[in-house]
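Position one of the sequence shown corresponds to residue 1 (UniProt numbering), numbered consecutively onward.
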Amino acid sequence: MGSPNESPANESPLTGRCSCSHVRYTLSSPPLIVHACHCTYCQRETGTSFALNALYEPDRVHTTLSTGESGEEAETQLLRKGIPTATSEAEGQVMVRCPECFTVLWSHYSGTTRSLLRIVRVGTIDGLVDGEKYVPSGGFRPHAHIFAGSGSKRHRWFDIPEGDVVFEEYGPMEEYWPKESLERYKAFSDRVGSKEQGK
Numbered sequence: 001m002g003s004p005n006e007s008p009a010n011e012s013p014l015t016g017r018c019s020c021s022h023v024r025y026t027l028s029s030p031p032l033i034v035h036a037c038h039c040t041y042c043q044r045e046t047g048t049s050f051a052l053n054a055l056y057e058p059d060r061v062h063t064t065l066s067t068g069e070s071g072e073e074a075e076t077q078l079l080r081k082g083i084p085t086a087t088s089e090a091e092g093q094v095m096v097r098c099p100e101c102f103t104v105l106w107s108h109y110s111g112t113t114r115s116l117l118r119i120v121r122v123g124t125i126d127g128l129v130d131g132e133k134y135v136p137s138g139g140f141r142p143h144a145h146i147f148a149g150s151g152s153k154r155h156r157w158f159d160i161p162e163g164d165v166v167f168e169e170y171g172p173m174e175e176y177w178p179k180e181s182l183e184r185y186k187a188f189s190d191r192v193g194s195k196e197q198g199k
């Protein structure tokens with residue numbers, strides 16, 4: 001597999017926004033992982049052939065509204081709606097939208113530590129200029145394609161690049177997450193576990 005990111009995707013911070021620019025956000029680090037989800041739920045939700053998602057810990061996504069609110073104050077004004085997904089989660093995936101233009105900025109599941117991660121829609125990340133070359137959406141490319149195997153419902157006209165990691169459904173984190181990301185995820189899980197025990 002080629003490099004999961006084009007230069008300069010590993011530069012931080014990156015910024016992103018909704019279609020009307022009412023909601024802006026800053027990403028304070030590279031993502032844990034980027035995946036292309038080819039499930040029919042993502043196809044329907046995005047109106048495209050797959051969703052390109054970057055996973056972040058919540059404290060690495062800082063939100064600001066055009067009205068001046070930021071952080072938790074801004075977060076309370078975003079629209080949240082659970083929709084069915086390809087997982088077995090009862091509530092489905094919670095889509096987080098701009099309250100003005102309804103762009104989905106990120107989503108999350110509920111219930112488990114991994115579900116607390118923000119699944120940022122890569123298409124909402126601002127492009128960058130690298131020299132004279134424009135790099136769309138931070139230059140991210142997927143570490144893996146999920147719900148994309150031979151038995152999946154992915155669009156067959158889309159040729160997955162040779163050497164890319166492909167899973168029939170979700171793949172085990174250990175098989176495709178970079179070592180640094182697994183370490184970051186463990187630290188995040190430990191922090192969440194400590195908070196839960198302190199309640």
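Where is the CB? At the ideal position from N, CA and C, for every residue including glycine.
Predicted model, so just to flag it, every value in this text is computed and none were measured.
Query                                                                                                                                                       : Result
With a Cβ-Cβ cutoff of 8 Å, do T85 and Q77 count as a contact?                                                                                              : no
Measuring straight from C-alpha to C-alpha, what distance separates residue 205 and G131?                                                                   : This structure cannot settle anything about residue 205, because the visible part of the chain is limited to 1 through 199.
Can you check DSSP and say which residues form a bridge with D130?                                                                                          : K133
Going by beta carbon distance, what residues of the same chain come within less than 7 Å of Y134, once the five residues before and after it are set aside? : G127
Between C37 and F147, which are expected to be in contact by the criterion C-beta below 8 Å, what is the C-beta distance as a whole number of angstroms?    : 6 Å
Using the three-state DSSP reduction, which class does H145 fall into: helix, strand or coil?                                                               : strand
How many Å lie between P136 and Y185 at the Cα?                                                                                                             : 26 Å
Give the DSSP-derived three-state secondary structure of T123 in the structure shown.                                                                       : Note on residue identity: the sequence assigns Gly, not Thr, to residue 123. DSSP places G123 in helix when its eight states are reduced to three.
Quick one: what's I160 bridged to in DSSP?                                                                                                                  : Paired residues: none, contrary to the question.
Look at the alpha carbon of R191 and the alpha carbon of Y41, and state the distance between them as a whole number of angstroms.                           : 31 Å
Should E45 go down as buried or exposed, given a rule of 16 or more other Cβ atoms within 10 Å for buried?                                                  : buried
Hey, out of S21, C20 and I33, whose CA is closest to V120's CA?                                                                                             : I33
I need the straight-line Cα distance from H62 to I125, nearest angstrom please.                                                                             : 13 Å
On the three-state DSSP scale, how would you describe Q93?                                                                                                  : strand
Are there three or more Cβ pairs, one per stretch, closer than 8 Å when the region 19 to 31 is compared with the region 56 to 71?                           : yes
Once the 5 residues before and after G2 are set aside, which same chain residues still bring their CB inside 6 Å of it?                                     : Because the pLDDT at G2 is just 44, under 50, the model does not fix this residue reliably, and the value given afterwards should be weighed accordingly. Nothing meets the Cβ criterion.
By how many angstroms is the C-alpha of R141 removed from the C-alpha of G106?                                                                              : The amino acid occupying residue 106 in the given sequence is Trp; Gly does not appear at that position. The straight-line gap from Cα to Cα measures roughly 17 Å.
Cα separation between S7 and K81?                                                                                                                           : For S7, the pLDDT reaches just 42, beneath the cut-off of 50, and the residue's location in the model is therefore unreliable, although a value from the coordinates is still provided. Distance between the alpha carbons of S7 and K81: 34 Å.
Considering only the alpha carbon of each residue, which of E72, G71, L14 and E73 lies closest to A54?                                                      : L14
Among the candidates G193, L116, R118 and L52, whose CA atom is the shortest distance from the CA of G139?                                                  : L52
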